[in-house]
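2 protein chains.
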Amino acid sequence: MTRSPARRRASIADVAQHAGVSVGTVSNVLNRPGIVAAATQERVQAAIAALSFVPNGSARQLRSGSVTTVGAIVLDLTNPFFTDVARGLEDRLAQDDWTLMVASSEGRRDRESRFLRLFEEHGVRGVAVVPSADDAAPLVALHERGVGVVVLDRRSPVPGLSSVAVDDVAGATLATRHLLAHGHERIAFINGPHTIRQCADRYDGVVAAITAAGLDPAQVLVEITTRLDAAGGEQAVHTALAAQPRPTAVFCVNDLVALGALRTLRTEGLAVPEQVAVVGYDDVSFASELFTPLTSVRQPTHDLGSTAADMLITGGAPRQVVFQPELVVRASSGGEA
Amino acid sequence: MTRSPARRRASIADVAQHAGVSVGTVSNVLNRPGIVAAATQERVQAAIAALSFVPNGSARQLRSGSVTTVGAIVLDLTNPFFTDVARGLEDRLAQDDWTLMVASSEGRRDRESRFLRLFEEHGVRGVAVVPSADDAAPLVALHERGVGVVVLDRRSPVPGLSSVAVDDVAGATLATRHLLAHGHERIAFINGPHTIRQCADRYDGVVAAITAAGLDPAQVLVEITTRLDAAGGEQAVHTALAAQPRPTAVFCVNDLVALGALRTLRTEGLAVPEQVAVVGYDDVSFASELFTPLTSVRQPTHDLGSTAADMLITGGAPRQVVFQPELVVRASSGGEA
DNA sequence: CCGGATTCTTGAAACGATTCACTCGTCACA
DNA sequence: TGTGACGAGTGAATCGTTTCAAGAATCCGG
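As they're listed, the protein sequences go chains S and F. If you use the numbering used here, the first sequence corresponds to residues 1 to 337, in order. If you use the numbering used here, the second sequence corresponds to residues 338 to 674, in order.
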């Protein structure tokens, strides 16, 4: 307690000296207590306590090679969808006493590769990544260097990588079909950049639904690209309303964007769903309690994470899992058609 | 590319051999390129690329001692309040190219100490912790071992530790005074366990406001303890409504709890604010867009995080910063008194 | 052509743990 | 009394970097 803060951390050698044993014995007390005599063990434990010794993780890892940490990179940690996925990862990892480090790429490739490198340098056992772009090469290379890799929330573009995804084309089709069934013939789709695969897939789903209904996407659809958060939604909806003819429905690529859209629609004095219908994506927890309860596409978030974690723990050949989304209809789209 | 995945990672020695130089030179290329001849540098870089060499972070750290990573432990990563704080930390750290590892304690001491230990073993430069309990001893000990420590979202109980907090007593007083001004004389306070200091402080604030109004807390107040999430709010509000006489207002310790409370009130057919007024805490992004826009206590979340990060980076003597909260009045409490 | 600067490069000693081949008593049994 | 087995503990090698004193090579002015 009176030790100066600047003092060097106690090492295993200090403990050994203090307890009057060899370093090997201290290490044994730490890692295989079974083979050390009880009396010796006590003395060593006392020394550990006296010096408040904490083993140096770098040294341990350097020598033994193994860790039980995995890294996760998501697009946006302030989006409840991704925190729920992270929770799923954590829960499954905790079962095997592994731990999770989470990082947020903000959809930027430079941040993604920086974290990827950081994780690799720290020798993580595996990574679960929601990619910021389509290029799988860095992930494949990482995998070839012996690090477990799971692509999260989108199908792996290459067969050599595992992935856990939800069918985004189907989800967007569900939502769009619903809006078409309500008679909307002019729909704004507030989306993120197509470099993010989920955004591209959802766009395809929207187009597919429109085409399947015998309509012309060029007539029906207005796509607006924006940032994937509430502020993005606020801005984008202004653009959407300026389109001619004016859309009667807005489909948002996620619920945060939808939140922003609803906010702007309200300040603009437009009634939802009477004047403008709104549909979101993710069905986050607050969707049901909004001023106008939000129709949204629900995804099995927790399972997404836990399945990915399971793949990293059990290893094995790459597999691609795809879950199916479902549409949760609420007031913002006018209810059941 | 054709290398077997099981192969050992390339080391600096492999690179040195491949490039026909010594390990020292490779290290210099990596860390002080200035002192290496251009031609040599090129050869080494080529070798690095050829072997897809990634330096071993453990070894580097073991030798050099220093890292620029800090760990953060929050109570609940699915609560937007804490992700906003984390974002504040991240933003400030990024300015100095430091990186953040986030972990969620779920309010459990065992998880908190596990992560604390993990961080220390990995040699983090500092930690920012929202403590799960009142005992500062482990944090003080950690600090004495030379790790930077900032207590987040509550005042440090001891002078030796830095902290960045918001005045919780004041925040709760603000909210309660507001409800009293609206004529509520029977108020339910849905709170978390008092072992979490924020919860205890907010309780004190509620009591202070009631007393200051010349009323008897025992008459006015019903406190219900629950989990700090939406599900907790749903349950607790049932208990609150069963109290005799029945409360006409519910003050929730955070907005997630308030979200659950609103949900239950709606399914129970009780009008907000006419039959039951509701006030939350944190003013998360969706508070303004709820079915009944939520009156809430706003805290400077981002600043909380960035200030903490700043303290960790700049070091210096321990200081305790306290921000002031403000009340944002919306419909759920009946608007301005 | 020499001495001294200057510029690069080298090689070996750390860092702090884990691991494993050994040594040293003890004890049981023939 | 000798032998083998067994339980405890030892100590040196090892992991992959960084760092630094010292060596090698080149250059320049006098």
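Glycine included, each C-beta is placed from N, C-alpha and C at the ideal position.
- Note that the segment 628-641 of chain F does not touch the segment 469-485 of chain F; fewer than 3 beta-carbon pairs, one per stretch, sit closer than 8 Å.
- One Cα belongs to I190 of chain S, the other to R583 of chain F, and the distance between them is close to 45 Å.
- Pairwise C-beta distances place the segment 119-132 of chain S out of contact with the segment 441-453 of chain F, as fewer than three of them are shorter than 8 Å.
- Here T604 of chain F is exposed: its Cβ has fewer than 16 other Cβ atoms, across all protein chains shown, within 10 Å.
- The continuous beta strand (DSSP E) containing S163 of chain S extends over residues 162-166.
- The beta carbon of V206 of chain S lies closer than 7 Å to those of A172, T176, F189, L221, F251 in the same chain, with the five residues before and after it left out.
- Given a length threshold of 3 residues, each whole run of the beta strand (DSSP E) inside the segment 249-281 of chain S is given here in chain order: 249-252.
- Counting the other Cβ atoms within 10 Å of the Cβ of P159 of chain S gives fewer than 16, which makes it exposed.
- In the three-state scheme derived from DSSP, where H, G and I count as helix and E and B as strand, G335 of chain S is classed as coil.
- With a threshold of 9 Å between beta carbons, P157 of chain S makes no contact with chain F.
- Chain S has no Cβ within less than 9 Å of the Cβ of R446 of chain F.
- DSSP, read as helix, strand or coil, puts V404 of chain F in coil.
- Taking a C-beta cut-off of 8 Å against chain S, the contacting residues of the segment 407-439 of chain F are L414, T415, P417, T420, D421, A423, R424, E427, T436, L437, M438, V439, listed in chain order.
- For A47 of chain S, the CB contacts under 7 Å within the same chain, skipping 5 residues up- and downstream, are V15, H18, A19 in chain order.
- Secondary structure note for V363 of chain F: its alpha helix (DSSP H) is the uninterrupted segment 360-368.
- Interface annotation for the segment 186-209 of chain S against chain F: empty, criterion Cβ-Cβ distance under 9 Å.
- With respect to chain S, the C-beta atom of G394 of chain F has a partner C-beta closer than 9 Å.
- Taking the C-beta atoms as reference points, R534 of chain F is found nearer than 9 Å to R492 of chain F.
- Proximity of R266 of chain S to chain F, defined by a Cβ-Cβ separation below 9 Å, is satisfied.
- When the alpha-carbon of T248 of chain S is set against those of S:V272, S:R319, S:V74, S:L161, the nearest one is in S:V272.
- At a cut-off of 9 Å between beta-carbon atoms, F660 of chain F makes no contact with chain S.
- Within chain S, no C-beta atom comes less than 8 Å from the C-beta of V487 of chain F; the nearest is roughly 15 Å away.
- In the structure shown, F286 of chain S falls within a helical segment according to DSSP collapsed to helix, strand and coil.
- The straight-line gap separating the alpha-carbon atoms of I561 of chain F and L552 of chain F is approximately 20 Å.
- Apart from the 5 residues on each side of it in sequence, D201 of chain S sits with its Cβ closer than 6 Å to the Cβ of D168, V169 in its chain, given in chain order.
- In the structure shown, Q324 of chain S falls within a coil segment according to DSSP collapsed to helix, strand and coil.
- Counting only runs of at least 3 residues, the segment 109-137 of chain S fully encloses the following beta strand (DSSP E) elements, listed from N- to C-terminal order: 126-129.
- Here L89 of chain S has V70, A72, L100, A128, G305, S306, A308, A309 as same chain residues with Cβ atoms under 8 Å from its own Cβ, once five neighbours each way along the sequence are excluded.
- Under DSSP, the beta-bridge partners assigned to E560 of chain F are F:F526.
- Rounded to whole angstroms, the separation of the alpha carbons of G569 of chain F and G597 of chain F is 7 Å.
- Our two residues, V666 of chain F and H521 of chain F, have alpha carbons roughly 16 Å apart in a direct line.
- Between V74 of chain S and V130 of chain S a beta carbon distance of about 5 Å is seen, short of the 8 Å cut, so the two are scored as contacting.
- For S52 of chain S, the chain F residues whose C-beta falls within less than 9 Å of its own C-beta are A478, E481, R482, listed in chain order.
- The residue from F:D434, F:N591, F:L599, F:I349 with its alpha-carbon nearest to that of L290 of chain S is F:L599.
- The three-state secondary structure of I48 of chain S, taken from DSSP, is helix.
- Look at I35 of chain S here: in three-state DSSP terms it is helix.
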